[in-house]
Every structure is written in structure tokens, then in C-alpha cells.
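Here the structure comes first, spelled out in C-alpha cells, and everything after it is commentary.
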Amino acid sequence: MRLTTSVCSALAAGAAVLVGLLPAQTAGAAVPEPDPTVPRFTLFGPAFAYTVLNPAAYPPDVNDWNCKPSPAHPRPVVLVHGTAANSLSSWSALAPALRKEGYCAYAKHIGGRPQDAMQGMEAVEKSSKVLAAFVDEVLAKTGAKQVDMVGYSQGGGVLPRYYLKYDGGTDAADPARNKVGKLVGISPSNHGASATGFGTLARMLNLIQPIGRIAGQSIVDQQECSDVHARLDEGGDTLPGVTYTNITTLADNVVTPYKNQFLREKAAPDAPPNMGRDKCGGKKMPPLTEPVVSKPKNGIVAPAVGSQITNILLQDVCPIDGSGHLRNPYSPTTIQLTLNALDPAGAKPAPCRPIPPVPMLG
């Protein structure tokens, strides 16, 4: 079925309003085998619009259970979509790039009803258990010891981090037994999404909980001063044995301020509560240090030295790329940076193409 960009955008907008009024209730549908008839999209809007009419669709380049991890890429890649998105709308561009490079990639719709295009709406704690079961399935079927994980928005921030910390993704006693080796977050919601201030305003007006009951608990969980963030950030942002890469953009109007997407080194023991969290008022939150951002050299951002965290600002690599929240996972620069994070030894210079910024979600 062919849809024009304008029709796709209209469908996507309409669906976002209609479906957003319905609370999510169940985990995502069963993962199907690859479907070569599903189109490959180059923008979020048309991809999402397609899923309005085809909510069970996945990118045709994922979920091949006959794929065997190679010696070059021994860890399968688990792709975790964002809030109010799905696997197809989040990964239509990255999935074929992974397949071209020889990776076995797997994805699952999580946090929504099977008939809904908008996934990722349920409580992070609930979605984390679904993600945990899916990772176990990937490990069992591929025979791999670990996976690498690439996530977008919620799927690159609070959700995988919750899984790593609370639902078996890591083994504190023996990090060699971790189920995840690398976590790459694209526009990740690591320290709260104020949505250009709308979330902060809603919290000040005591509207966040009513919004969560209507739209989904994950909206509440991703607010800057949520209980989920308080639990996740206690004791530091990272866990032993996992390397983290975060790719953010100045043009993001959803996970704002954009620095909230970066992970931070552990604060000093005597750091005062709420340090770096001026919007949380009297609620006691773990302190946040200033983020360290890695700089590119000839289009390549090398992994940080002496740290588990490599924070990347898209515009440091390509100043003329104005991709916002929706276009970041479709940016050619971001795609190559993601591939480089998964395989630093084979890193290639990221392309840099002019992408004009688009107001609002971008």
C-alpha cells in the first residue's frame, strides 16, 4: 500500500490524538518473522502512519531467527523503540543498516495494546519485564551470551536502564554474566523529558497524574522528578560491565533540556541531594554531575577513555544536521555513529548532510 507523505502525516497526527486518549493495557504482540512486503521508510511520519493501518508491522530487516551471530558481530542487537512509537517507526532506517553490516537484529513492540500503533505507553516497570523476557528469548534462540542494545527515546534511556538495574540485565556480583554488553541511546530519556517546558508546567499544575491515567504511565515515569528517575539514578547512572553511548541533538524539543539525555559520572559522596535538579523543588532526588561530552575527530567519536560513558552531540559531528527528536534515528550521521558505537574497531567517518530543523517534534 502506497501513501503520500502528506496523507501519512495526517494519519499519524490523527492517530496520535485518537489512540493517545486510550490507556495502554497489555504487553506488545508476538514478534512475527520478517515480512519483505513491509516498505522501508526514510522518515518517522510516513513509517508511523503505515503502522496506524498495520500495527503488527515490523521493519523487514529484523527478527530473522535463522540469523546466526558472526565472529565479527557475536552479540545480537536488540532494538527498543520510543514512547508513542513502535519498532517500525523507530527503526526503519537503522534496521537495514544493521543488516547490511552483518548484524542479527531483533525488535518487539512493548508497552501497548497489540492493535495500537502507539506503543511504549505503559509503566516503565511493567515494560521492563517484557523487555527482559524478550532479551532472554533472543539469547536462547541465537545461542549468544550477551546482546547489545540500541534504544530510542524511552527505549534508549529509562526503560533499558531499568531493565539493567532491576530486571536481570546485569549481574552485580559478576559483570561477566551481564546479559547486555553495550547500550546505545538515541535521544534517550535518561534524566527526564520536560517537552520544552510543557511537562514541567503540567507537574506544577498537578496535571501529570491525570495525564498519565489518560495517555499512559510512561509519560509520568519520564518526568524529570519522577519516582522512576529517583530509583534509577540512586548510586549513579551506570552499572559495571556495560558501556554506554548517548547520541543527542540540540534540536530535540521532547527530551528537554537536551543535556538531560546525557549520562553522568557518579557524584561525590558528599554531593548535596538535588544538585543539578533545580526543578524538583522539595522532592529529594539523587545529585547529578555535569555531563562530559566527547568530541569527534574526522567524523569519528572514539569511546571515552577511563569512562563507561560516551556522550555525543550530533551537531558536534555535523553542524548542518538539524534533526530533532523524530528525525534523529533517521539521520545518516546518527546511524553511522550508532554503528561505530557497536563496533569501535571498525568505525567509519560519519556522513554529514544538511537537514533543516523542523519546528516542534522535528
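First residue of the sequence shown? That's 2 in the numbering used here, and the numbers climb one at a time after it.
Using N, Cα and C, we set each Cβ at its ideal position, and we do this for glycine too.
Next item on the list: Please name the residue or residues paired with Ala106 in a DSSP beta bridge.
Entry: Val78
Notebook entry, point to check: Going along the chain, which residues of its own chain have a beta-carbon closer than 8 Å to the beta-carbon of Lys183, five neighbours each way excluded?
Noted result: Arg76, Asp149, Met150, Val243, Thr244, Tyr245, Thr246, Ala342 and Leu343
Note to self: Measuring only the C-alpha atoms, how far is Asn87 from Ile336?
What the structure shows: The C-alpha of Ile336 is placed about 18 Å away from the C-alpha of Asn87.
Notebook entry, point to check: Is Arg76 near the ligand HEM, in the sense that its beta carbon is under 6 Å from a heavy atom of that ligand?
Noted result: This structure lacks the ligand HEM; in fact it carries no ligand of any kind.
Notebook entry, point to check: The alpha helix (DSSP H) with Val125 in it runs from where to where?
Noted result: Looking at the DSSP string, the run of the alpha helix (DSSP H) that includes Val125 is Val125 to Thr143.
Next item on the list: Note the first and the last residue of the continuous alpha helix (DSSP H) segment covering Asp365.
Entry: No information on residue 365 is available, as it lies outside the stretch 2 to 363 that the chain covers here.
Check: Does the Cβ-Cβ distance between Val306 and Ile313 come in under 7 Å?
Finding: no
Check: How long is the line joining the alpha carbons of Gly156 and Asp271, rounded to whole angstroms?
Finding: 32 Å
Item checked: Straight-line gap, Ile310 to Phe49 (C-alpha atoms, nearest Å) -> 31 Å
Notebook entry, point to check: According to the Cβ coordinates, are Arg354 and Pro330 closer than 7 Å?
Noted result: no
Checklist line | Whole-angstrom distance between Lys280 and Arg265, CA atom to CA atom | finding: 18 Å
Notebook entry, point to check: Between the C-alpha atoms of Ala348 and Leu44, what's the straight-line distance to the nearest angstrom?
Noted result: Approximately 25 Å between the Cα atoms of the pair.
Next item on the list: Ignore the nearest five residues each way along the sequence and tell me which others in Thr52's own chain have a CB closer than 8 Å to its CB.
Entry: Ala58, Asn87, Leu89, Ser90 and Ala118
Checklist line | Whether Ser93 touches Pro115 by CB criterion (7 Å) | finding: no
Margin query: With three or more C-beta pairs closer than 8 Å as the rule, is the segment 96–103 touching the segment 128–140?
Written below: no
Check: Among all the DSSP beta bridges, which residues are the ones paired with Lys298?
Finding: Ile301
Notebook entry, point to check: What's the C-alpha gap between Pro304 and Pro345?
Noted result: 7 Å
Check: Is Asn247 helix, strand or coil when you go by DSSP?
Finding: strand
Notebook entry, point to check: Which residues mark the beginning and the end of the beta strand (DSSP E) in which Lys183 is found?
Noted result: Val181 to Ile187
Next item on the list: Following the continuous alpha helix (DSSP H) through Gly152, name the residue where it begins and the one where it ends.
Entry: That residue, Gly152, is in no alpha helix (DSSP H); its beta strand (DSSP E) goes Val148 to Tyr153.
Check: With distances taken between CB atoms, is the gap from Pro292 to Lys267 smaller than 7 Å?
Finding: Going by C-beta atoms, Pro292 is not nearer than 7 Å to Lys267.
Note to self: On a Cα-Cα basis, can you pick out the residue from Asp65, Cys319 and Pro358 that is closest to Val32?
What the structure shows: Asp65
Check: Who does Ile310 pair with in a DSSP beta bridge?
Finding: Tyr245
Note to self: Considering just the uninterrupted stretch of the alpha helix (DSSP H) at His230, what are its terminal residues?
What the structure shows: Asp228 to Asp234
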